[in-house]
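Asks: Take this structure first; my questions come after.
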Amino acid sequence: MKALKGKDQVFSRHLAGKKASEHLSNFNELLADLMGSSEGKPEVLDDTTVIEISHANFPALISASLLGEFGAEVIKVEPPDGDPARKATPYGVNVKGIGIPFLMESRNKQHITLDVKTEKGIENLKKLIAQADIVIDGMKPGFLDSLGVGYRQCAELKPGIVYLAVSPYGHFTSKGKAFSNIPDADLTAQSEAGYPALTGNPEAPEPYNYPVKAGVWAASYMAAGLAVSGALTALLYKRGTGEGQMVDIASYDAISAWQCYSTIWGVHFKKPRVRVGNFDWAIFPYGYYEAKDGFVSIAAGSDQDFRGLLKIFKRWDLENDWRFVFDRITDDVDKLKVLEVEFKKEIAKHTRKQLVKKTLAFNQKAVKDKLRGQGFPIAVETLSPREVLNEEHWKIRKSFTDVDVGGTKIKMPSSVPKLSDTPLRLKKIEAELGAHNTLVYKKFGLSE
Amino acid sequence: MNQDYFTYTDGLFDRSKISEKPEALKGIRVLDFSHIIYGSVISKWLALFGAEVIKVEEPYEGDAWRAVSYWSKYWKDSSPLFQPLHPNEQFVGLDLKTQKGKELALDLAKKADVVVENFRAGLMEAWGVGYTTISKINPKVVYISCSGYGQWGPLRFFPSWDLIAQSMSGVAQLTGFDEKQTYKLPDYYGDFLPGIFGAMGVLGALNQREKTGKGQFIDVTQVEVLFRMMHNWSYMDLTGKDLLCTGNVDPAMAPSGIFKTKDEKFISIAIATDEQFAALLKAMDKMDLSEDSRFRETFKRLKPENADEICGIVDTWVKKNSESAIIALAQELGFPAAPVMDDLQIASDDWRRERDSVIEFEDDMYGKGTWPGIPAVLEKTPGRIKSMQRPVGYHNHYVLQKVLNLSKEQIRELEKSRIIGYWGNSIGQRPPVYYDMSTDPIINFTEGEEK
Chain F
1 MKALKGKDQV FSRHLAGKKA SEHLSNFNEL LADLMGSSEG KPEVLDDTTV IEISHANFPA
61 LISASLLGEF GAEVIKVEPP DGDPARKATP YGVNVKGIGI PFLMESRNKQ HITLDVKTEK
121 GIENLKKLIA QADIVIDGMK PGFLDSLGVG YRQCAELKPG IVYLAVSPYG HFTSKGKAFS
181 NIPDADLTAQ SEAGYPALTG NPEAPEPYNY PVKAGVWAAS YMAAGLAVSG ALTALLYKRG
241 TGEGQMVDIA SYDAISAWQC YSTIWGVHFK KPRVRVGNFD WAIFPYGYYE AKDGFVSIAA
301 GSDQDFRGLL KIFKRWDLEN DWRFVFDRIT DDVDKLKVLE VEFKKEIAKH TRKQLVKKTL
361 AFNQKAVKDK LRGQGFPIAV ETLSPREVLN EEHWKIRKSF TDVDVGGTKI KMPSSVPKLS
421 DTPLRLKKIE AELGAHNTLV YKKFGLSE
Chain W
449 MNQDYFTYTD GLFDRSKISE KPEALKGIRV LDFSHIIYGS VISKWLALFG AEVIKVEEPY
509 EGDAWRAVSY WSKYWKDSSP LFQPLHPNEQ FVGLDLKTQK GKELALDLAK KADVVVENFR
569 AGLMEAWGVG YTTISKINPK VVYISCSGYG QWGPLRFFPS WDLIAQSMSG VAQLTGFDEK
629 QTYKLPDYYG DFLPGIFGAM GVLGALNQRE KTGKGQFIDV TQVEVLFRMM HNWSYMDLTG
689 KDLLCTGNVD PAMAPSGIFK TKDEKFISIA IATDEQFAAL LKAMDKMDLS EDSRFRETFK
749 RLKPENADEI CGIVDTWVKK NSESAIIALA QELGFPAAPV MDDLQIASDD WRRERDSVIE
809 FEDDMYGKGT WPGIPAVLEK TPGRIKSMQR PVGYHNHYVL QKVLNLSKEQ IRELEKSRII
869 GYWGNSIGQR PPVYYDMSTD PIINFTEGEE K
């Protein structure tokens, strides 16, 4: 972002002034030092062993990966022919037979093979569980139980165990039982959570008028975030009481349960939202718009922010009709379009950089206004992932890591969030099938 | 041991027993300076599982999200967008811009286990209530700062919203059929995902604190959390190519897509494995394709030309079948398929009620309501809703007496000098019109006079 080179641009009068600037400059250096490296620092879960047993279940796989980043010793147990999740990868792109999503979520894990169809395999699995603190069950609900290694048996094998079950419809309820045969996939999880029903343009020609899925694994990562938060909540309780428990996550409900506004809408309006293209249901403008040379994202949350935009565009003539959020946000989409046309016209007159520069300059002036009456609209370039990689800020923060995967360096996102004393970290990716058999079999006393 | 598995688990998670069970985070005090969604949902998680959350707001203004609602419609003078983010919380109106207000904030911070904030980066520091100050007076504190880009680095002061973070991370260009018309991830994904990752960080730090007695600083950023979920970085690195909009096809699953059924409903199907593919072929009565070299193996099936072909076959099949018939086949044979549900279906879903992810709750102030509930089901320490939102400053007397041991007189002084304050009369801040504050036990709280 060119506008930010040189002296720091601040957007609050509280951040300006000599004293504040100095303090913030010191704080920046302090944090760069404090947060910049994980070397020699302890890990939260260095006392925790996690057994991941999952089958084509990315929410479970990602959960184990995150616990690995927290420092847990994670052992992923696979059948002799491997977890088929290894192969689910964009257009089949893989490194020695392992796809990108699986590689990305093999962080710090050890991979062993173990055949649960044999008695020896089950005995070995039981030995592992007896030495574990967390079991992640990413199998069909009830499957591990039928093998004698479900929660009710695990709780006996290892009192105090935290049993994290991650499945599409969960391990209880009547629907959970009736739908237990349905495997996980991000797209179907999004659908059951009502996500695609909110996206797209119903006026486009078929099939472009269909509900549109999120172009990222929105459901899988949401489910994993909930699962790990659930496991860490249970683990905290265990540290106080010694008691373990079962935690159940339904990946097909992850977005709807946490993001929660579908429920709100359904309850209050007794009807579903209609898809409205690029509009937001609560804020205008809040979306992507086409500038001269590409796309920008423009957000104006409050009435003041909106007036700010009108000033930037020199379109005060619109103020009278659209002054209040109640004018701009209405269920009459046709009315909204009248205003949108005007905005699109103004935006199209500018290049991306011009728009960013203009709003930043406006904001810098506006925040000096004591009453903040000038608003704070935001415009940024809608970046492609490739453009993102050029940003110096992420290099300074080491937001990406080039990971050595069997001799090939591959770029991956670094661990988040950043903790000062016990940073999460990506130490290794060694994801070949059975890569750690010798090591783990020996350490945990399993029979070959 | 022979009890049916689901009978057993239904017993474990029996909803009628929730109120008898303990809370995992009881005794954890959270001081929440955050607003809108991002920081607020970190506190929400903690509050659901038993933490005492004190939400600090600007008097007579309140959290800006109180006033925002969909199509600008409100419920009992409150925003249904704000309500579900603040279960079980205590609301204090405190002016952080005054010296005395800062001192009170620091006094509260001294007695807190967790501090959450999502002001623009550096603002808490500039106000003198940032990590450098609080960690000195309370080394046990877990302090999380939520921002778009982080508390350090050249972009730190740059403004952010969910939408802006989606744009700055590259996510903005990934949803839709082509790059000329992309869509944001709706309902503020750029707040909710970083929010749950933030909660994860806090819980990790609380676990560490159990071992060492020491707190720490957490820097969670919207953009980096979004990076964490993107396959693009490795894909670009390995192929040199971009991975942008793919419409309704998941390029990692073949076949995959959102299809229209005979009865004009939308369903999605996404096949991850050979086993699921065989099940789908059986459902479609197309077993002859199982030997087709284009489809037999996952990596081959994922090649764009082969994926297109098989998606076309699925599309034709779905068009000839009803939604219920396809879902029944998926249940029987075991392949991922799901209806594209809408808001109303989600709100009225029995399954979600059984899981408590949609909850009927009767609140002392707002009465009966149906609310988004508990996002993760814990057997022994289940989450629960005990109250809904309250007006700005509603817990002033309660918190200042209970936590800081201030006297009624001291509190009245603070009121007079407007260091602490209450709700303004605008929608979202004020209580519902029918509610009688004069007899309310919390707003008129006097220590020692509790029932």
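If you read the protein sequences in the order shown, they are chains F and W.
Heads up: the first sequence begins at 1 in this note's numbering, then just goes up one per residue.
Heads up: the second sequence begins at 449 in this note's numbering, then just goes up one per residue.
Beta carbons are placed, not taken as given, at the ideal position from N, Cα and C, and that holds for glycine.
Tell me the DSSP secondary structure of C594/W in three-state form.
Replies: C594/W sits in a strand when the DSSP states are folded into three classes.
Asks: Evaluate Y411/W with the Cβ neighbour count: other Cβ atoms within 10 Å of its Cβ, from every protein chain shown; 16 or more gives buried, anything less gives exposed.
Replies: Lying outside 449 to 899, the shown extent of chain W, residue 411/W is not represented and no answer is given.
Asks: Taking its Cβ as the centre, do 16 or more other Cβ atoms sit within 10 Å of S256/F, making it buried, or is it exposed?
Replies: Classification for S256/F: buried.
Asks: What are the uninterrupted segments assigned as alpha helix (DSSP H) that are 4 or more residues long and contained completely in the segment 10-80 of chain F, given in chain order?
Replies: Taking only runs of at least 4 residues, the alpha helix (DSSP H) segments lying wholly in the segment 10-80 of chain F are 18-35, 58-69.
Asks: Cβ closer than 8 angstroms: which chain W residues qualify as neighbours of P101/F?
Replies: Under the 8 angstroms cutoff, chain W gives H679, A700.
Asks: Strictly below 8 angstroms CB to CB, what residues from chain W border A61/F?
Replies: Per the sequence presented here, residue 61/F reads as Leu, with Ala not at that position. In chain order: nothing, as chain W lies at least about 11 angstroms away.
Asks: Per the DSSP calculation, P413/F is bridged to which residue(s)?
Replies: F400/F
Asks: Closer than 8 angstroms, CB to CB, is W765/W near chain F or not?
Replies: no
Asks: Below 8 angstroms between beta carbons is the criterion; list the residues of the segment 74-95 of chain F that meet it against any residue of chain W, in chain order.
Replies: P84, A85, K87, A88, T89, P90, Y91, G92, V93, N94, V95
Asks: Scan the segment 792-804 of chain W for residues whose Cβ lies nearer than 8 angstroms to a Cβ of chain F and list them as they occur along the chain.
Replies: Answer set for the segment 792-804 of chain W: L792, Q793, I794, A795, S796, D798, W799, R800, E802, R803.
Asks: At a CB distance below 9 angstroms, what residues from the segment 816-840 of chain W approach chain F? Give them in sequence order.
Replies: G817, T818, W819, P820, G821, I822, P823, A824, V825, L826, E827, K828, T829, G831
Asks: Check whether the Cβ of M139/F lies closer than 8 angstroms to any Cβ atom in chain W.
Replies: no
Asks: Reducing DSSP to helix, strand and coil, say where V881/W ends up.
Replies: Residue state, collapsed to three classes: coil.
Asks: Of all the CB atoms in chain W, is at least one closer than 8 angstroms to the CB of S37/F?
Replies: no
Asks: Straight-line CA distance for L144/F to T330/F?
Replies: 51 angstroms
Asks: Pick helix, strand or coil for A132/F, following the three-state DSSP scheme.
Replies: coil
Asks: One question on the structure: do V388/F and V333/F come within less than 8 angstroms of each other, judged by their Cβ atoms?
Replies: No, the pair does not count as a contact, with Cβ atoms beyond the cut-off.
Asks: Can you check whether the CB of V788/W is closer than 8 angstroms to the CB of A197/F?
Replies: yes
Asks: Is it the case that the segment 275-289 of chain F contacts the segment 823-838 of chain W, given that we only count it when at least three CB pairs across the two stretches are under 8 angstroms?
Replies: No, they do not touch.
Asks: Only counting runs of 4 or more residues, tell me where the alpha helix (DSSP H) segments fall wholly within the segment 139-168 of chain F, in order along the chain.
Replies: 143-147, 151-157
Asks: From the DSSP output, in three-state form, read off R477/W for me.
Replies: strand
Asks: Short check: CB of I182/F to CB of Q779/W, under 8 angstroms?
Replies: yes
Asks: Name, please, each residue of chain W whose Cβ falls closer than 8 angstroms to the Cβ of S106/F.
Replies: Per Cβ cutoff of 8 angstroms: no residues; S106/F is ~12 angstroms from chain W at best.
Asks: Quick check on DSSP: helix, strand or coil for W575/W?
Replies: coil
Asks: CB S54/F to CB G138/F, shorter than 8 angstroms?
Replies: Their beta carbons are under 8 angstroms apart, which means S54/F touches G138/F by this criterion.
Asks: Let me know the secondary structure DSSP gives M246/F once reduced to three states.
Replies: In the structure shown, M246/F sits in a strand (DSSP, three-state: E or B).
Asks: Just the chain W side, please: which residues come within less than 8 angstroms of W473/F by C-beta, in chain order?
Replies: The question about residue 473/F has no answer here: the residues shown for chain F are numbered 1 through 448.
Asks: Tell me the rounded alpha-carbon separation between V619/W and I136/F.
Replies: 29 angstroms
Asks: In the DSSP assignment, find the alpha helix (DSSP H) that holds D610/W and state where it starts and stops.
Replies: Run containing D610/W: 610-617, per the alpha helix (DSSP H) assignment.
Asks: Any Cβ of chain F within less than 8 angstroms of the Cβ of E672/W?
Replies: yes
Asks: Chain F beta carbons: is any one of them nearer than 8 angstroms to that of D722/W?
Replies: Taking Cβ atoms only, chain F reaches closer than 8 angstroms to D722/W, which makes this a yes.
Asks: Which residue wins for smallest C-alpha separation from H23/F, given the options G549/W, H534/W, V577/W, W513/W?
Replies: H23/F has its Cα closest to that of V577/W, out of G549/W, H534/W, V577/W, W513/W.
Asks: How close, in whole Å, do the beta carbons of V77/F and L114/F come, if the pair is a contact with beta carbons under 8 angstroms?
Replies: 5 angstroms
Asks: Using the Cα positions of C154/F and S874/W, report the straight-line distance between them to the nearest angstrom.
Replies: 54 angstroms
Asks: Given 8 angstroms as the limit, is there contact between the segment 476-484 of chain W and the segment 831-844 of chain W, that is, 3 or more CB pairs closer than that?
Replies: no
Asks: Would you mind listing the alpha helix (DSSP H) stretches within the segment 503-575 of chain W that are 4+ residues and don't spill past its ends, in chain order?
Replies: 547-558, 571-574
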